[in-house]
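Colleague: In the working numbering, the protein residues as written are 4 to 434.
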């Protein structure tokens, strides 16, 4: 019996009938709102914890650097798990680890325990409860025509979480103290459990081949393509565009981690009121709602690599303008609004490019590998900023490093080809 060719195969059955789009976006968006919203406020705890425990900024920064590193390192394994079994179980584990880590962050009196809870536990929790897992579900259940848009909505939810949770964290710290504030957030993290239950219908199965005229290679399995996670990873790591995308994402992690954790202390060093820092972080979250949604929408119409290049270049310009003069409440607000538009707007096009080039069967894992580079950058951005501050008494050198890296990432993303599958078993013909 002859086997049907890709041109004869029927179109892939739509999975939204199994997991409705509204339910996917509602549950996925609120998971990201909670997970990302909590982590974006960690910079507010730097000075209270260091002052009470007698620790240096580098010590606190190192724990958060470990957090970012663990998030990235655990991501590919969690992504492989989610690709095989669905999103619900990883999300449940993430909720429990998040709560335990926040409790330990509040209770630890030694740097070792603080690093284990704040760094290892919360880092693993974030790997289980953020973009890699949720974007895998989106990739499996949303068509290519809507995928960048859906990813943009989810990224915008992470921004809304920052806008919502940072002022809440600041209010809790001022009202009940930094320790009780962390205990309250530990309880909040457990809300991920019922939201994950709403995604229980996500049961990944290899989709059938689609028509050769279908532009969405990401919803098909090439009969000559890799059938294993290891094979998919091997092909991805030899793909030039995947390599460039991964290298550029390092810069994103460096910039966001440095600014997110150290901006409050940088502003306090310049004698600005604590409310200025809280307002700045909230504005970043507010404007990033529009930035991530807008970039997700533009990604359906414009070249996603060019959008990424523009984002990195504009970040460099915004940071250069910000450090050109001593900060004021107005300049901080303007900087926060500009960076907010660009903050997580790299996430939708990056993951959409991975899906377009390499398919969605292993999207959680392959997206997590790219994100590992992001988190290596986050480790460097958080720790190096604290280290250089303790050495020099200033963040100035780190600002210049972040600006130079932004220019580098803008250049690296220009040659990325989003429609070019890897050579070899997947062939060299663009999708």
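Glycine included, every Cβ here is placed at the ideal spot set by N, Cα and C.
May I have the straight-line CA-CA distance separating residue 268 from residue 376, to the nearest angstrom?
Modeller: To locate residue 268, count along the chain shown from 1; it is residue 265. To locate residue 376, count along the chain shown from 1; it is residue 373. Each residue's Cα considered, the two are about 26 Å apart.
Colleague: The alpha helix (DSSP H) with residue 331 in it runs from where to where?
Modeller: Counting from one through the chain shown, the residue named residue 331 turns up at place 328. Per DSSP, residue 331 belongs to no alpha helix (DSSP H) and is neither H nor E.
Colleague: Buried or exposed: residue 378, going by 16 or more other Cβ atoms within 10 Å of its Cβ?
Modeller: Locating residue 378 in the chain shown gives position 375, counting from the first residue. Residue 378 comes out buried.
Colleague: Between the alpha carbons of residue 412 and residue 299, how many angstroms are there, rounded?
Modeller: Taking the chain shown and counting its residues from 1, one reaches residue 412 at position 409. Taking the chain shown and counting its residues from 1, one reaches residue 299 at position 296. About 19 Å.
Colleague: Rank 239, 335 and 318 by C-alpha distance to the C-alpha of residue 357 and give the top, closest one.
Modeller: Position 354 of the chain shown, counted from the start, is the residue given in the question as residue 357. The shortest C-alpha separation from residue 357 is found at 239.
Colleague: Helix or strand or just coil, what does DSSP make of residue 112?
Modeller: Locating residue 112 in the chain shown gives position 109, counting from the first residue. Three-state DSSP puts residue 112 in coil, outside helix and strand.
Colleague: List the whole-angstrom C-beta distance separating residue 164 from residue 37, where the pair is believed to meet the contact cut-off of C-beta under 8 Å.
Modeller: Residue 164 sits at position 161 when you count from the first residue of the chain shown. Residue 37 sits at position 34 when you count from the first residue of the chain shown. So it is a contact: roughly 6 Å between Cβ atoms.
Colleague: Could you compute how far the alpha carbon of residue 344 sits from the alpha carbon of residue 177?
Modeller: Mapped onto the chain shown, residue 344 falls at position 341. Mapped onto the chain shown, residue 177 falls at position 174. In a straight line, the C-alpha of residue 344 is about 28 Å away from that of residue 177.
Colleague: Rounded to whole angstroms, how far is the Cβ of residue 159 from the Cβ of residue 292, which I believe are closer than 8 Å?
Modeller: Stepping through the chain shown from its first residue, residue 159 is reached at position 156. Stepping through the chain shown from its first residue, residue 292 is reached at position 289. With a Cβ gap of about 5 Å, residue 159 and residue 292 count as contacting.
Colleague: Residue 128 and residue 185: beta carbons closer than 8 Å?
Modeller: Position 125 of the chain shown, counting from 1, holds the residue named residue 128. Position 182 of the chain shown, counting from 1, holds the residue named residue 185. No; because the gap between Cβ atoms is not below 8 Å, this pair is not in contact.
Colleague: Judging by CA-CA distance, which residue of 28, 181 and 192 is the nearest neighbour of residue 100?
Modeller: Here residue 100 corresponds to residue number 97 of the chain shown, with the count starting at 1. Nearest of 28, 181 and 192 to residue 100, Cα basis: 192.
Colleague: Note the first and the last residue of the continuous alpha helix (DSSP H) segment covering residue 45.
Modeller: Translated into the one-based positions of the chain shown, residue 45 becomes position 42. It is not in any alpha helix (DSSP H) - residue 45 carries neither H nor E in the DSSP assignment.
Colleague: On the CB-based measure, 16 or more other CB atoms within 10 Å of its CB, does residue 57 come out buried or exposed?
Modeller: The residue you call residue 57 lines up with position 54 of the chain shown. Classification of residue 57: exposed, given that the 10 Å Cβ count is below 16.
Colleague: Closer than 6 Å by C-beta to residue 216: which residues in its own chain qualify, once you throw out the five before and the five after it? Chain order, please.
Modeller: Translated into positions along the chain shown, residue 216 becomes position 213. Any reading at residue 216 must be qualified, since the residue scores a pLDDT of 44, below 50, and its modelled position is unreliable; the value itself is stated next. Excluding positions up to five away in sequence, the list is empty.
Colleague: Tell me, to the nearest whole angstrom, how far the beta carbon of residue 495 is from that of residue 137; I am working on the premise that it is less than 8 Å.
Modeller: There is simply no residue 495 to check, as the chain begins at 4 and stops at 434 in what is shown.
Colleague: Decide if residue 305 is buried, meaning its Cβ has at least 16 other Cβ atoms within 10 Å, or exposed.
Modeller: Translated into the one-based positions of the chain shown, residue 305 becomes position 302. It is exposed - the Cβ of residue 305 has fewer than 16 other Cβ atoms within 10 Å.
Colleague: Do the segment 265–282 and the segment 327–346 touch if we need at least three Cβ pairs shorter than 8 Å?
Modeller: Segments in contact, yes.
Colleague: Taking the alpha carbon of residue 383 as the reference point, which residue from 97, 244 and 408 has its own alpha carbon closest?
Modeller: Within the chain shown, the letter at position 380 stands for residue 383. Closest option to residue 383, Cα to Cα, is 408.
Colleague: Rank 254, 123, 145 and 271 by C-alpha distance to the C-alpha of residue 27 and give the top, closest one.
Modeller: For the purposes of this step, residue 27 is taken as residue 24 along the chain shown, with counting starting at 1. Among 254, 123, 145 and 271, the Cα nearest to that of residue 27 belongs to 145.
Colleague: When we look at the beta-carbon of residue 233 and count the other beta-carbons within 10 Å, is it buried (16 or more) or exposed?
Modeller: Taking the chain shown and counting its residues from 1, the one referred to as residue 233 is at position 230. Counting Cβ neighbours within 10 Å, residue 233 comes out exposed, since fewer than 16 surround it.
Colleague: Would you kindly work out how many angstroms separate the C-alpha atoms of residue 283 and residue 262, rounded to a whole number?
Modeller: Stepping through the chain shown from its first residue, residue 283 is reached at position 280. Stepping through the chain shown from its first residue, residue 262 is reached at position 259. So the alpha carbons of these two residues sit roughly 11 Å apart.
Colleague: Does the beta-carbon of residue 133 have 16 or more other beta-carbons within 10 angstroms, so that it is buried, or is it exposed?
Modeller: Along the chain shown, read from residue 1 onward, the residue named residue 133 stands at position 130. By the 10 Å Cβ count, residue 133 comes out buried.
Colleague: Going by beta-carbon coordinates alone, are residue 350 and residue 71 separated by less than 8 Å?
Modeller: The residue given as residue 350 occupies position 347 in the chain shown. The residue given as residue 71 occupies position 68 in the chain shown. No, the pair does not count as a contact, with Cβ atoms beyond the cut-off.
Colleague: Would you call the CB atoms of residue 84 and residue 126 closer than 8 Å?
Modeller: By 1-based counting over the chain shown, the position of residue 84 is 81. By 1-based counting over the chain shown, the position of residue 126 is 123. No, the pair does not count as a contact, with Cβ atoms beyond the cut-off.
Colleague: Would residue 243 and residue 302 qualify as a contact pair, given that the criterion is a beta-carbon distance under 8 Å?
Modeller: For this step, residue 243 is matched to residue 240 along the chain shown. For this step, residue 302 is matched to residue 299 along the chain shown. Taking 8 Å as the Cβ cut-off, residue 243 and residue 302 do not qualify as a contacting pair.
Colleague: Would you report the Cα separation of residue 93 and residue 86, rounded to the nearest angstrom?
Modeller: If you number the chain shown from 1, residue 93 lands on position 90. If you number the chain shown from 1, residue 86 lands on position 83. Going by the C-alpha atoms only, they are around 10 Å apart.
Colleague: Compare the beta carbon distance of residue 60 and residue 398 with 8 Å and say whether it is the shorter of the two.
Modeller: In the chain shown, the residue the question calls residue 60 occupies position 57. In the chain shown, the residue the question calls residue 398 occupies position 395. No; because the gap between Cβ atoms is not below 8 Å, this pair is not in contact.
Colleague: Just to confirm the assignment, what range does the alpha helix (DSSP H) spanning residue 60 have?
Modeller: As a first step, residue 60 must be located in the chain shown, where it is residue number 57. From DSSP, the alpha helix (DSSP H) with residue 60 extends over 60–88.
Colleague: Quick one: Cα of residue 421 to Cα of residue 401, how far?
Modeller: Taking the first residue of the chain shown as position 1, residue 421 is located at position 418. Taking the first residue of the chain shown as position 1, residue 401 is located at position 398. Each residue's alpha carbon lies about 32 Å from the other.
Colleague: If we call anything under 8 Å between Cβ atoms a contact, is residue 247 one with residue 354?
Modeller: Locating residue 247 in the chain shown gives position 244, where the first residue counts as 1. Locating residue 354 in the chain shown gives position 351, where the first residue counts as 1. No.
Colleague: Hey, how far is the Cα of residue 180 from the Cα of residue 49?
Modeller: Here residue 180 refers to the residue found at position 177 when the chain shown is read from its first residue. Here residue 49 refers to the residue found at position 46 when the chain shown is read from its first residue. Each residue's alpha carbon lies about 13 Å from the other.
Colleague: Give me the Cα-Cα distance between residue 120 and residue 112, rounded to the nearest whole angstrom.
Modeller: Mapped onto the chain shown, residue 120 falls at position 117. Mapped onto the chain shown, residue 112 falls at position 109. Each residue's Cα considered, the two are about 11 Å apart.
Colleague: Since I believe residue 115 is in contact with residue 69 (beta carbons under 8 Å), could you give me their beta-carbon distance rounded to a whole number of angstroms?
Modeller: Position 66 of the chain shown, counted from the start, is the residue given in the question as residue 69. Position 112 of the chain shown, counted from the start, is the residue given in the question as residue 115. Incorrect: roughly 11 Å between the Cβ atoms, too far for contact.
Colleague: For a minimum of 4 consecutive residues, which ranges assigned as the alpha helix (DSSP H) are wholly contained in the segment 312–372?
Modeller: As far as the segment 312–372 is concerned, its whole alpha helix (DSSP H) runs of at least 4 residues are 332–345 and 350–361.
Colleague: If I'm right that residue 236 touches residue 372 with Cβ under 8 Å, what's the distance once you round it to whole angstroms?
Modeller: Numbered from 1 along the chain shown, position 233 holds the residue referred to as residue 236. Numbered from 1 along the chain shown, position 369 holds the residue referred to as residue 372. Yes, they are in contact, since the Cβ atoms of residue 236 and residue 372 sit about 7 Å apart, within 8 Å.
Colleague: Shortest alpha-carbon distance to residue 251 belongs to which of 374, 29 and 147?
Modeller: On the chain shown, position 248 is the one that residue 251 refers to. Comparing Cα-Cα distances from residue 251 to each of 374, 29 and 147, the minimum goes to 374.
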